[in-house]
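A.B. asks: Below are the structure tokens for one structure; questions will follow.
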Amino acid sequence: MQAWEIREPQTLKIGEDQPATVRTVSVSIVGGQVDVVTHGDAAGATLEIHELRGRPLQVTWDGNTLKVTHLKAEGENIWETLKRLGSSAAQDRARLSIAVPEGVTAKINTVSAQVLASGLTRPAKINTVSGGVTLDHITDSVDVNTVSGTVELHGLVGALKANGVSGNITVHRSRVDPVKLNTVSGDITLDLLSAKTSISSTAVSGDVLVRVPDSDGFDVQLSSLSGAAIVDGQRIGNPGTRGGGRLSEGNPTLKIKASSVSGDVVVMRATQAVEQ
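Pasting the structure below:
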């Protein structure tokens, strides 16, 4: 086990002189920015610390996992630790860039720090209270939990689960299956390249919009207490009453179950869309 206590900006080369490969990167910080990107090397990682305030940053490397932390979960779930801390540790701030092999599993926890991860071919799990999350071209499962941070996802391939309270969740040009999204007041927007997927989405006051290519068959269940439920421009249910219903056609490769209490729920199938 190697360990470092970092007190000022610097660069660390991890695993350069060892046959071991970095397989997991785990980051737990308060404020600032975390960027996790891939490089062409098969084994090691490079940790660049651009800014550091507050307590020293703890870094460990055990031959398998690179861990970078400003906070710890002592006998409790890291998600509960993040929510409990809130702004109480606001003086702790770090801006990090970590270059890793593409086959790394990423586990990132922040209070307010922004998160960017790109190019990974293994699962990514992100927990944040108010930090924004941007994930790009990850080809494995993605799991995101946030309170007020916005979630922007681009070019994903794999399973997707995201939970938010007031932050919007937006998925761009992705092939994700299955999909499970939940928000309270945030809007949910899904723009998919493949209609071969199963989508479950719930919101309280946020709107839900799903755009997919046309498909051979579909099974769509929509509901909204006071908003509109619409499929391909056609409203389901009667105005002034609970909107929603179920539409099925052919072999249902596309399955959608979406609901909102007061927001609109809209599904648009684009006949001109071509899978790429």
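Position one of the sequence shown corresponds to residue 1 (full-length UniProt numbering), numbered consecutively onward. Beta carbons: idealized from backbone N, C-alpha and C, even for Gly.
Could you tell me how far apart the beta carbons of Leu52 and Ile14 are, in whole angstroms, since I believe they sit closer than 8 angstroms?
C.D. replies: Going by Cβ atoms, the distance from Leu52 to Ile14 rounds to 17 angstroms, so no, they are not a contact pair.
A.B. asks: Helix, strand or coil for Gln33 per DSSP?
C.D. replies: Three-state result, Gln33: strand.
A.B. asks: Considering only residues of the same chain and omitting the five flanking positions on each side of Ser148, which have a CB-CB separation below 6 angstroms?
C.D. replies: Result list for Ser148: Ser130, Ser166 and Gly167, in chain order.
A.B. asks: Am I right that Leu156 and Val212 are in contact with their C-beta atoms under 8 angstroms? What's the rounded C-beta distance?
C.D. replies: So it is not a contact: roughly 14 angstroms between Cβ atoms.
A.B. asks: Indicate the three-state DSSP secondary structure (helix, strand or coil) for Gly155 in the structure shown.
C.D. replies: Correct three-state label for Gly155: coil.
A.B. asks: Locate the beta strand (DSSP E) running through Leu192, then write down its first and last residues.
C.D. replies: Element bounds for Leu192: Ile188 to Leu192.
A.B. asks: Can Val267 and Val179 be called in contact, C-beta distance under 8 angstroms?
C.D. replies: No.
A.B. asks: Check for me: the beta strand (DSSP E) holding Ser260 runs from which residue to which?
C.D. replies: Counting along the chain, the beta strand (DSSP E) containing Ser260 begins and ends at Leu254 to Ser260.
A.B. asks: What do you reckon, are the CB atoms on Val208 and Ile188 nearer than 8 angstroms?
C.D. replies: Yes, they are a contact pair.
A.B. asks: What three-state label does DSSP hand Leu47 in the structure shown?
C.D. replies: Reduced to three states, the DSSP call for Leu47 is strand.
A.B. asks: Compute the Euclidean distance between the alpha carbons of Asn127 and Ala203, then round it to the nearest angstrom.
C.D. replies: Each residue's Cα considered, the two are about 19 angstroms apart.
A.B. asks: Should Ser201 go down as buried or exposed, given a rule of 16 or more other Cβ atoms within 10 Å for buried?
C.D. replies: Buried, by the Cβ-count rule.
A.B. asks: What number of angstroms, rounded off, separates the C-alpha of Val133 from the C-alpha of Leu116?
C.D. replies: Looking at the two C-alpha atoms, the distance is approximately 6 angstroms.
A.B. asks: Start and end of the beta strand (DSSP E) containing Pro178?
C.D. replies: That run of the beta strand (DSSP E) goes Ile169 to Asn182.
A.B. asks: Out of Ala258, Asp216, Arg235 and Leu222, which has the shortest C-alpha to C-alpha gap to Ala270?
C.D. replies: For the residues Ala258, Asp216, Arg235 and Leu222, the minimum Cα distance to Ala270 belongs to Asp216.
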